[in-house]
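Asks: The structure's right below; bear with me while I get my questions together.
2 protein chains.
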Amino acid sequence: MKLLLALFAVGLGSMYAEAQSPVSAVTPAMTATANQLLASARQDNQGYELVRSLTTEVGPRLAGTEAEARARQWAVEKLQVLGLQNVRVEPFQVPVWLRGVELGEIVSPFPQSLTITALGGSSSTGKQGAEAEVVVFDSLSALQHASRIQVEGKIVFIDEVMVRSRDGAGYGLAVQKRLATAYVSEQLGAVAALIRSVGTSSHRFAHTGQMRQAGADAEVGVPMAALAAPDADQLKRALGYGKPVTVKLVITPQRLPPASSGNVIGEIVGREAPQEIVLVGAHLDSWDLGTGAVDDGAGIGIVLGAAKLIMQQLPQGPRRTIRVVLFGAEEVGTVGAKAYAREHAAELPDHIVATESDFGSGDIWRFDSRVEEEKLLQMAAIAKVLEPLGIARGNNTARGGPDLKYLREMGVPIVSLLQDGQDYFDFHHTADDTFDKIAPRALDQNVAAYAAFMYLVAETTAEFR
Amino acid sequence: MKLLLALFAVGLGSMYAEAQSPVSAVTPAMTATANQLLASARQDNQGYELVRSLTTEVGPRLAGTEAEARARQWAVEKLQVLGLQNVRVEPFQVPVWLRGVELGEIVSPFPQSLTITALGGSSSTGKQGAEAEVVVFDSLSALQHASRIQVEGKIVFIDEVMVRSRDGAGYGLAVQKRLATAYVSEQLGAVAALIRSVGTSSHRFAHTGQMRQAGADAEVGVPMAALAAPDADQLKRALGYGKPVTVKLVITPQRLPPASSGNVIGEIVGREAPQEIVLVGAHLDSWDLGTGAVDDGAGIGIVLGAAKLIMQQLPQGPRRTIRVVLFGAEEVGTVGAKAYAREHAAELPDHIVATESDFGSGDIWRFDSRVEEEKLLQMAAIAKVLEPLGIARGNNTARGGPDLKYLREMGVPIVSLLQDGQDYFDFHHTADDTFDKIAPRALDQNVAAYAAFMYLVAETTAEFR
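Chains as they are written, first to last, in our numbering: chain F, 1205 to 1669; chain Z, 1205 to 1669.
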């Protein structure tokens, strides 16, 4: 209710908010500067160019690998060229999991191959593979209610479809399936598990993603792979004949000893309040199947493109420090985010606000926040400046990106610039996540929004908690 | 000009044609029966169901393999169940080529994997692979004009884009590239060749298809693979940095001794002129990557679905024999078509007309023919009956499907019921050619058109040559 009133007040215009408070979040001069940034973004395709560069020169960059190290080197160079200060890598260790052979087939009654991919952290079937009759469930919940006699000695197949939506609402449920199936299947005596790919692609791409629960022993849980949607359809059709269907699965991923990863950080040091930090994040690592363009090359391009605009377009830097954090090892359990929260625990009270771009390259359509309720008018005044981009003020339950989880839990105010994700899960975590899937104009809109937002929260004297 | 006049005459209505000729191609009673078939097709999804059955129960069915033999068995059973007569397999031998390992990678300067697939008939790089600097050409023609010094010791990359069109017009040119590149590359001293995938998919699917020229020795021509479109983009971007780009390619396909293939044939024997043959074809084999739904499960479903309607809806069979020919080994060089033309040479003068469905499952939008000019009015009268389906009369230079090449050259009249192929090459010859890509309503329209057409040409007393 308070939120509704606040939104109503915003509806009266930011002039009202300014009249009410001697210290408005946004002065007319700030609005003018922000509008300059918005205009500049339309004439600059630097964000798009950065995604091109990262996805071409580095390509896939799985956490803990030599490729992720190359991505860090790429990021350090880019931050330095853009002129950011205090450019550094903050290293940490990460468990390494490498994909091996991936073969799936229906052995009987209709022999043919199946398109599969191992889920991140899965155990191995060994080279000899796992071959068994398939038992199908409509959902994780149905598996959880199954009896051992139904499942023992079989390959579990969870055939649950993820729903397409603008905000990616179906993903949370789908991730539950990915995180629990191997363990529940093992408890019921299964030899392996298959899930219909998380995601919304109708094409023949299997969708990877982390299945290993944080801290879970690498040998626990049956080997687990995702079937491409057409292959899940096919397996379901084969099962529809009412006779036993036998599948063979060979996945041979390896766990290697922990290796180096790191967060790459650069700053636009504040001219008046350098200790006050506006954190803007994205993640540098990607899954190994594609080149990590929508996830999260786009986010890298957006935040670096926005930082570039601020560096080049403003006569002087903003009052507060803008800290760009390019997280490592997000995909394998937000390991970089944990390291950041740990290393910077003492500084977190000085984090004014944090935001992350990690939902592809679709247009931003909504501005959500998570601030103290009495600060809502201040945040609304900032959101108002982004309205010309088609960005509506949303709610005050922002979650930020995945790398903001620990900061959010520690009370750091959060903003989410929500992107249109209708097609995000058509590409995310598949081999089809490649540079051609990035829409240049939408990326420009994102860069504009981030640049204006970063400038405003770094320039304002307002606090959000 | 004669054609234009003929079409103008058709514009005056088929009544005019009937008034002109004592023996019209289509009587009012025939039109009424054809309309019954059109109406029935809308209430029967048998064509769709047959595609489902073939692509599920058999799946991929590469020429000369055990899977193609299972497809023949499937077809014989279906033809028998439909009640066709003289159901038989006419066997022939076909060279067998089996795909092996398929790995591509940029070795330097930007190490990462590339999505590739070997082209049909390609020689092998051996397990050690071929690794060399890449030399790029915009077209086959540019390669043909290159000098040995440009190409020797390198991997050729032809980066030619195929254009999307309703009639698939770009495919002919693309096939030239596929058929010539390995040989021209070898003459110029290259170690291997890559082409941007034939096809229009923007997704990460490499497109296979026959590269081996008929009769060419299996050891001639460098190993040759297609890059998925995003990977061709990526390689081109990497080359754009102006430094040498080294690629490694491992493809290990094998040539096996010739094995059995066959054409599956069934007939609706004519009640009055059984020796006169209306040939309706599709091909039973498919490439190995997908399950052969659009190519050519759809065609199989369409012609069998149409045959079923004629068997079940007509009080008596048509005057002439309808011969359904499900060709084997089309993909590897229309081997089944050659065998048919050879085995049935003596009968070809009695082939009244031939048609083939081999362009996916899009709506039929045009009726082309290849008949004697003085028979154009007769054919136009038949085409007229299909107009309510949205099918316009086209030209008289029909080519029919690929399996009709030899019949066409021997003077058999041809009809092409042209399908909308805007998206056909998004799926064709890729792993993404799966059952979910079939549009049920469009398939019904195809079945309707084929049923009415087959009935009319088998019932009429008109000749077309």
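Even glycine gets a Cβ: it sits at the ideal position worked out from N, Cα and C.
All values reported here derive from a predicted model rather than from experimental measurement.
What's the C-alpha gap between Ala-1213/Z and Glu-1261/Z?
Replies: Taking the second sequence and counting its residues from 1, the one referred to as residue 1213/Z is at position 9. Taking the second sequence and counting its residues from 1, the one referred to as residue 1261/Z is at position 57. Any reading at Ala-1213/Z must be qualified, since the residue scores a pLDDT of 42, below 50, and its modelled position is unreliable; no value is offered.
Asks: Using DSSP with H/G/I as helix, E/B as strand and the rest coil, what is Gly-1374/Z?
Replies: Counting from one through the second sequence, the residue named residue 1374/Z turns up at place 170. In the structure shown, Gly-1374/Z sits in a helix (DSSP, three-state: H, G or I).
Asks: Which residues does DSSP list as the beta-bridge partners of Ala-1397/F?
Replies: In the first sequence, counting from the first residue as 1, residue 1397/F sits at position 193. In DSSP, Ala-1397/F forms a bridge with Val-1360/F, Met-1428/F.
Asks: Tell me the rounded alpha-carbon separation between Leu-1621/Z and Glu-1663/Z.
Replies: As a working mapping, residue 1621/Z is identified with position 417 in the second sequence. As a working mapping, residue 1663/Z is identified with position 459 in the second sequence. About 18 angstroms.
Asks: Please state whether the Cβ-Cβ distance between Ile-1514/F and Ile-1472/F is less than 9 angstroms.
Replies: One-based indexing of the first sequence puts residue 1514/F at position 310. One-based indexing of the first sequence puts residue 1472/F at position 268. Yes, these two residues count as a Cβ contact at 9 angstroms.
Asks: Going by CA-CA distance only, name the one from Thr-1412/F, Leu-1460/F, Ala-1386/F that's closest to Pro-1427/F.
Replies: The residue given as residue 1427/F occupies position 223 in the first sequence. Out of Thr-1412/F, Leu-1460/F, Ala-1386/F, Ala-1386/F has the C-alpha closest to the C-alpha of Pro-1427/F.
Asks: Contact criterion: CB-CB distance below 9 angstroms. Does Val-1365/Z meet it with respect to chain F?
Replies: Here residue 1365/Z is taken as the residue at index 161 of the second sequence, counted from 1. False, the Cβ-Cβ gap to chain F never drops below 9 angstroms.
Asks: Using the C-alpha atoms, what's the distance from Asp-1499/F back to Arg-1603/F?
Replies: In the first sequence, residue 1603/F corresponds to position 399, counting from 1. In the first sequence, residue 1499/F corresponds to position 295, counting from 1. The alpha-carbon atoms of Arg-1603/F and Asp-1499/F are separated by roughly 18 angstroms.
Asks: Answer yes or no: do Lys-1579/F and Arg-1669/F have a C-beta to C-beta separation smaller than 9 angstroms?
Replies: For the purposes of this step, residue 1579/F is taken as residue 375 along the first sequence, with counting starting at 1. For the purposes of this step, residue 1669/F is taken as residue 465 along the first sequence, with counting starting at 1. Result yes, Cβ atoms of Lys-1579/F and Arg-1669/F sit closer than 9 angstroms.
Asks: Report all residues from its chain with a CB closer than 8 angstroms to the CB of Ser-1328/F; omit the five preceding and five following residues, and keep chain order.
Replies: Mapped onto the first sequence, residue 1328/F falls at position 124. Only Gly-1304, Pro-1427, Ile-1455, Thr-1456, Pro-1457, Gln-1458 meet the Cβ criterion.
Asks: Mind pulling the chain F residues with CB within less than 9 angstroms of Ser-1401/Z?
Replies: On the second sequence, residue 1401/Z is found 197 positions in, with the first residue counted as 1. The contacting residues do not exist; Ser-1401/Z stays about 13 angstroms from chain F at best.
Asks: Can you confirm whether the region 1424 to 1442 of chain Z touches the region 1343 to 1350 of chain Z when touching is taken to mean that 3 or more C-beta pairs between the two stretches lie within less than 8 angstroms?
Replies: They do not touch, by the three-pair rule.
Asks: Which bits of chain F does Glu-1535/Z rub up against, with CB to CB less than 7 angstroms?
Replies: Mapped onto the second sequence, residue 1535/Z falls at position 331. Within chain F, no residue comes near Glu-1535/Z; the closest Cβ sits about 17 angstroms away, beyond 7 angstroms.
Asks: Roughly how many angstroms lie between the CA atoms of Leu-1581/F and Thr-1404/F, to the nearest whole one?
Replies: What you label residue 1581/F is simply residue 377 of the first sequence in a count that begins at 1. What you label residue 1404/F is simply residue 200 of the first sequence in a count that begins at 1. Each residue's Cα considered, the two are about 38 angstroms apart.
Asks: From Phe-1531/Z to Val-1355/F, what distance separates their C-alpha atoms?
Replies: Translated into positions along the second sequence, residue 1531/Z becomes position 327. Translated into positions along the first sequence, residue 1355/F becomes position 151. Each residue's alpha carbon lies about 43 angstroms from the other.
Asks: With H, G and I counted as helix, E and B as strand and the rest as coil, what does DSSP make of Ser-1225/Z?
Replies: Residue mapping note: residue 1225/Z aligns to position 21 of the second sequence, counting from 1. Since pLDDT at Ser-1225/Z reaches only 49, below the 50 mark, its modelled position is unreliable, and no value is offered.
Asks: Could you round the C-beta distance between Ile-1568/F and Ala-1653/F to whole angstroms and report it? I think they count as a contact, below 8 angstroms.
Replies: As a first step, residue 1568/F must be located in the first sequence, where it is residue number 364. As a first step, residue 1653/F must be located in the first sequence, where it is residue number 449. With 8 angstroms as the limit, Ile-1568/F and Ala-1653/F qualify as a contact, their Cβ atoms being about 5 angstroms apart.
Asks: Give me the residue from Ala-1267/F, Gly-1287/F, Asp-1363/F with the minimum Cα distance to Ala-1510/F.
Replies: As a working mapping, residue 1510/F is identified with position 306 in the first sequence. It is Gly-1287/F whose Cα lies nearest to the Cα of Ala-1510/F.
Asks: Taking only the alpha-carbon atoms, compute the straight-line gap between Arg-1231/F and Arg-1408/Z and give it to the nearest angstrom.
Replies: Mapped onto the first sequence, residue 1231/F falls at position 27. Mapped onto the second sequence, residue 1408/Z falls at position 204. It is worth fixing the name first, because residue 1231/F is Thr in this sequence and not Arg. Cα to Cα, the separation comes out at about 49 angstroms.
Asks: I'd like to know whether the C-beta of Thr-1404/F is nearer than 9 angstroms to at least one C-beta of chain Z.
Replies: Position 200 of the first sequence, counted from the start, is the residue given in the question as residue 1404/F. No, its Cβ sits nowhere closer than 9 angstroms to a Cβ of chain Z.
Asks: Using a threshold of 9 angstroms, state whether the C-beta atoms of Leu-1453/Z and Leu-1307/Z are closer than that.
Replies: Taking the first residue of the second sequence as position 1, residue 1453/Z is located at position 249. Taking the first residue of the second sequence as position 1, residue 1307/Z is located at position 103. Contact flag set, yes.
Asks: Taking just the CA atoms, how far does Gly-1625/Z sit from Arg-1382/Z?
Replies: The residue you call residue 1382/Z lines up with position 178 of the second sequence. The residue you call residue 1625/Z lines up with position 421 of the second sequence. Their Cα atoms are separated by approximately 20 angstroms.
Asks: Using only alpha-carbon positions, find the residue among Val-1557/Z, Leu-1344/Z, Ala-1635/Z, Asp-1640/Z that is nearest to Glu-1613/Z.
Replies: Taking the second sequence and counting its residues from 1, one reaches residue 1613/Z at position 409. Of the listed residues, the one whose Cα sits closest to Glu-1613/Z is Val-1557/Z.
Asks: With DSSP collapsed to three states, give me the class of Phe-1657/Z.
Replies: Taking the first residue of the second sequence as 1, we reach residue 1657/Z at position 453. Looking at Phe-1657/Z - three-state DSSP - the assignment turns out to be helix.
Asks: Report the three-state DSSP secondary structure of Val-1338/Z (helix, strand or coil).
Replies: In the second sequence, counting from the first residue as 1, residue 1338/Z sits at position 134. Reduced to three states, the DSSP call for Val-1338/Z is strand.
Asks: Where does Ser-1668/F sit, in a helix, a strand or coil, going by DSSP?
Replies: Here the question's residue 1668/F lines up with position 464 in the first sequence. Residue identity differs from the one stated: residue 1668/F is Phe in this sequence, not Ser. Note: Phe-1668/F maps to coil in three-state DSSP.
Asks: With burial defined as no fewer than 16 other Cβ atoms inside 10 Å of the residue's Cβ, what is the status of Asn-1600/Z: buried or exposed?
Replies: The residue given as residue 1600/Z occupies position 396 in the second sequence. Counting Cβ neighbours within 10 Å, Asn-1600/Z comes out buried, since at least 16 surround it.
Asks: At least one CB of chain F closer than 9 angstroms to the CB of Phe-1629/Z: is that the case?
Replies: Here residue 1629/Z refers to the residue found at position 425 when the second sequence is read from its first residue. Phe-1629/Z does not count as touching chain F.
Asks: According to the neighbour-count rule (16 or more other Cβ atoms, all chains shown, within 10 Å of its Cβ), is Leu-1266/Z buried or exposed?
Replies: The count along the second sequence starts at 1 and reaches residue 1266/Z at position 62. Classification for Leu-1266/Z: buried.
Asks: For chain Z, is any of its Cβ atoms less than 9 angstroms away from the one on Arg-1527/F?
Replies: For the purposes of this step, residue 1527/F is identified with residue 323 of the first sequence, where counting begins at 1. It does not: the Cβ of Arg-1527/F has no partner Cβ on chain Z nearer than 9 angstroms.
Asks: Looking at Asp-1562/F: is its Cβ nearer than 9 angstroms to the Cβ of Ala-1275/F?
Replies: Taking the first sequence and counting its residues from 1, the one referred to as residue 1562/F is at position 358. Taking the first sequence and counting its residues from 1, the one referred to as residue 1275/F is at position 71. No.
Asks: My understanding is that Glu-1535/Z touches Gly-1324/Z, with C-beta atoms under 8 angstroms, so please give their C-beta distance in whole angstroms.
Replies: For the purposes of this step, residue 1535/Z is taken as the residue at position 331 of the second sequence. For the purposes of this step, residue 1324/Z is taken as the residue at position 120 of the second sequence. About 7 angstroms; that satisfies the 8 angstroms criterion.
Asks: Would you call the region 1473 to 1492 of chain Z and the region 1358 to 1369 of chain Z in contact, with 3 or more CB pairs under 8 angstroms?
Replies: Because the criterion of three Cβ pairs below 8 angstroms is not met, the region 1473 to 1492 of chain Z and the region 1358 to 1369 of chain Z do not touch.
Asks: Out of Met-1234/Z, Ala-1229/Z, Ala-1245/Z, which has the shortest C-alpha to C-alpha gap to Leu-1593/Z?
Replies: Numbered from 1 along the second sequence, position 389 holds the residue referred to as residue 1593/Z. Comparing Cα positions, the closest option is Ala-1245/Z.
Asks: Roughly how many angstroms separate the alpha carbons of Gly-1330/Z and Asp-1572/Z, rounded to a whole number?
Replies: Here the question's residue 1330/Z lines up with position 126 in the second sequence. Here the question's residue 1572/Z lines up with position 368 in the second sequence. Distance between the alpha carbons of Gly-1330/Z and Asp-1572/Z is about 47 angstroms.
Asks: At what residue ranges does the region 1524 to 1548 of chain F contain a whole run of the beta strand (DSSP E), taking only runs of 3 or more?
Replies: Runs found: 1524 to 1531.
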